[in-house]
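What follows is a set of notes on a single structure, which appears directly below.
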Amino acid sequence: MTTRSTTPRRAWLGFTLVLSLVGLVAMDNSVLYLAMPSINGAISPSAGQALWIVDIYGFVVASLLIAFGSLGDRHGRLKFLLGGAMLFGIGSAGAMLAGSPELLIASRGLMGLGGATLLPSGLAIVSNLFPDPKQRARAIGIFAATFAAGFAVGPVAGGLLLDRFWWGSVFLINLPVVVVFLTFAPKLLKDVREARPGRVDALSVAQSAAGILLAVYSVKALAAEGFSAGQSAAGIVGVAILVWFVRRQFTLEEPLLDLKLFRDRVFTVAVLTGLLSLVAWAAAGYLSGVYLQSVLGFSVLTAAFLALPGAAVLTAACIGTAGVVERIGKRAALIASHFFIGTGLLLLLFTGTAGGAALYIASTVIAGVGYGLSFSLVAETAVAAVPPERAGSAGAIAEMSNELGGALGISLLGSLAAFLFRFLGPGTAGTLDTTLATPGLSGETAAQAKDAFVTGLHAAIGVAAALTFALGFLALRWLPREERNGEPELPRREEQAVS
């Protein structure tokens, strides 16, 4: 009797412990959105460095997520979870104390290295905590909702901290959680490993990471400084490495990224949804944070409160997705997510230098419905679209699309906004915050800088909205209609299994 009564309690305690870390990993994707004006004022990064500070974390997580998932299968998930938590804590401490842009970028990269080990290992351990299928399904749903909520509340948490403390406090809050996790995880969690783990292709890991980072560096350098021999060479080499990576995946028996899965249209739509929804969310969140504070002049606390309604709606949409799917079906819910996101983004195109707070709130609330549906449905739809033996690969690709989307949104669309600011702005400095902090700046020059930033914001958001609507119409054509005959919508189509 004692064993029966205490085992579930221990499982839920361990589950709560994992959730605390998962929430932190997700939150650190977005916690800097409202903190960047403060960081710009403290350590004066260049335009390119400012973008790297925000998105190097997501790039490292995305490029290593699948590889670390396979390594965890081979060497033990708990070992990877503890090691990842330790790296995440060390990176957080380094970021908190960073006195230069270079050190902050390096520390954020180390945090990403820890985050890449935490997500796949955490989900595997959570699944193993609950042998009962119903409890396991409930736990995985809470796991996904916690991850989405972490994304949503990151900017709000950052704003509330910055109202009272220095910018490093957004990293300080990670340390107590990491210490508690490292103390109790060995007692509450059990190790998980596969009996026959797959081989990890080290060259593919290096190719994917190097190709992505070089290609994105080229785009950032172009936006911040214009064309140069080094920038062009980095872009060409990065694209060439990525092409090499893709061709290699088709020759491996156990590819790092199973690209053959993309032959299934439902799977492709699901992964693109995960990618583009995070592209849009990250770009809008990052640029809106600067807009609210540096263009409209709101304090960081006010900006945090303005972000609260959208965060609340996003979280509620994640939790309520199951009920929505029961009413309208999975296909309709996934398609609707694109049009909610696109409509919300369009409202930001009407903001200006004189006002736009109400439009911002309305935008985040409407788009928040779409983000919540998307975050909750992507992985489930991707996994259901492929044969059971490929479910692990499908889930890993879906997770990677979210992380990569968040990083690409800031790098590519943030770079577009930075390029237009450099082209249309007064040329006083590379970022709006640095320009406005220039001693003796005239009112006319400040107005020109704000106008240039808003133009860049509109261009970036316009591209994100166009891509989102385009994918919505593609989903309308590609996703199979529900039969309403008792069969689950978007079923696993083993008869179309890719070979």
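Heads up, the final residue of the sequence shown is numbered 617 in our numbering, and it's a clean run with no missing numbers. Even for Gly, the Cβ is constructed at its ideal location relative to N, Cα and C.
Rounded C-alpha distance that separates residue i from residue j
| i | j | result |
| --- | --- | --- |
| Ser455 | Leu559 | 44 Å |
| Met154 | Leu589 | 31 Å |
| Gln618 | Gly276 | In this structure the chain extends from 119 to 617, so residue 618 is not present and cannot be described. |
| Trp170 | Leu530 | 11 Å |
| Val483 | Ile579 | 16 Å |
| Leu280 | Ala502 | 42 Å |
| Arg386 | Thr586 | Per the sequence presented here, residue 386 reads as Thr, with Arg not at that position. In a straight line, the C-alpha of Thr386 is about 14 Å away from that of Thr586. |
| Ala565 | Ala536 | 17 Å |
| Thr124 | Leu135 | Legend: pLDDT at Thr124 = 40, less than 50; position of this residue unreliable, no value from coordinates given. |
| Gly441 | Ala547 | 50 Å |
| Ser239 | Ser326 | 21 Å |
| Gly300 | Ala497 | Sequence check: residue 300 is Leu here, not Gly. Their Cα atoms are separated by approximately 29 Å. |
| Ala627 | Ala475 | Outside the shown range of the chain (119 to 617) lies residue 627, about which nothing can therefore be said. |
| Asp146 | Ala234 | 13 Å |
| Lys197 | His576 | 46 Å |
| Tyr500 | Phe458 | According to the sequence as given, residue 500 is Ala; it is not Tyr. Cα to Cα, Ala500 sits roughly 21 Å from Phe458. |
| Gly159 | Ala328 | 31 Å |
| Ile446 | Leu414 | 40 Å |
| Phe363 | Gly527 | 22 Å |
| Ala211 | Val271 | 21 Å |
| Leu465 | Ser225 | 36 Å |
| Ser162 | Val384 | 45 Å |
| Glu562 | Leu554 | 11 Å |
| Gly209 | Leu290 | 11 Å |
| Val172 | Ala516 | 22 Å |
Local Cβ density within 10 Å of residue i, reported as buried at 16 or more and exposed below that
| i | result |
| --- | --- |
| Thr369 | exposed |
| Met214 | buried |
| Phe468 | exposed |
| Thr120 | Residue placement at Thr120 is flagged as unreliable, the pLDDT there being 40, under the threshold of 50; the coordinate-derived value follows with that caveat. That one is exposed. |
| Ser346 | exposed |
| Pro249 | exposed |
| Gly141 | buried |
| Phe416 | buried |
| Ser617 | Caution applies to Ser617, whose pLDDT of 35 falls short of 50 and renders its modelled position unreliable; the value that the coordinates give is listed next. Per the 10 Å Cβ criterion, exposed. |
| Leu597 | buried |
| Val244 | buried |
| Ile354 | exposed |
| Gln614 | In this predicted model, Gln614 has a pLDDT of only 41, less than 50, meaning its place in the structure is not dependable enough to derive any value. |
| Ala203 | buried |
| Lys338 | buried |
| Arg365 | exposed |
| Arg599 | exposed |
| Phe493 | buried |
| Glu605 | Only weak support is given to the placement of Glu605: the predicted model assigns it a pLDDT of 48, under 50, and the value that follows is read from those uncertain coordinates. So Glu605 counts as exposed. |
| Pro373 | buried |
| Ala398 | buried |
| Glu371 | exposed |
| Ala351 | exposed |
| Arg127 | exposed |
| Asp283 | Note that residue 283 is Phe in the sequence shown here, rather than Asp. Phe283 comes out exposed. |
Minimum C-alpha distance to residue i - residue among the options
| i | options | result |
| --- | --- | --- |
| Tyr478 | Val143, Val442 and Gly428 | Gly428 |
| Ala584 | Leu467, Phe468, Phe571 and Gly460 | Gly460 |
| Ala567 | Ser412, Phe457 and Asn147 | Ser412 |
| Ser164 | Gly230, Leu150, Ser218 and Gly141 | Ser218 |
| Ala514 | Gln253, Ala180 and Gly141 | Ala180 |
| Ala59 | Leu396, Ile446 and Gly447 | The structure shown does not extend to residue 59, since the chain is modelled only from 119 to 617, so the question has no answer here. |
| Val149 | Phe198, Ile223 and Val288 | Val288 |
| Ala570 | Lys305, Leu542, Ser138 and Tyr151 | Leu542 |
| Lys308 | Leu189, Leu199 and Val143 | Leu199 |
| Gly268 | Ala434, Gly473 and Leu410 | Ala434 |
| Leu183 | Phe591, Ala512 and Ala339 | Ala512 |
| Lys448 | Gly272, Glu562, Ala388 and Ser481 | Ala388 |
| Phe591 | Leu374, Leu390 and Arg366 | Leu390 |
| Ala582 | Thr499, Val323, Phe177 and Gly523 | Gly523 |
| Gly176 | Thr563, Asn520 and Ala266 | Asn520 |
| Ala257 | Val418, Ala129, Asp173 and Arg365 | Ala129 |
| Gly407 | Val334, Ala480 and Val274 | Val274 |
| Ile174 | Leu321, Ile330, Val431 and Ala320 | Ile330 |
| Val178 | Gly230, Ala351 and Glu220 | Gly230 |
| Ala593 | Gln253, Leu189, Asp382 and Phe265 | Asp382 |
| Leu152 | Gly286, Gly486 and Ala242 | Gly286 |
Distance between beta carbons of residue j and residue i, contact taken as under 8 Å
| i | j | result |
| --- | --- | --- |
| Gly232 | Phe206 | 3 Å |
| Leu538 | Gly574 | 4 Å |
| Gly356 | Leu332 | 3 Å |
| Leu71 | Ala451 | Since the displayed the chain opens at 119 and closes at 617, residue 71 lies outside it and no answer follows. |
| Gly132 | Leu306 | 4 Å |
| Val143 | Leu236 | 5 Å |
| Leu377 | Gln367 | 5 Å |
Neighbour flag for residue i against chain D, beta carbons, 7 Å
| i | result |
| --- | --- |
| Ser138 | The chain labelled as chain D is not found in the depicted structure, where only one protein chain is given. |
Contact test: residue i Cβ vs the ligand ZN heavy atom, cutoff 6 Å
| i | result |
| --- | --- |
| Ala262 | Among the ligands in the structure shown, none appear at all, so the ligand ZN cannot be discussed. |
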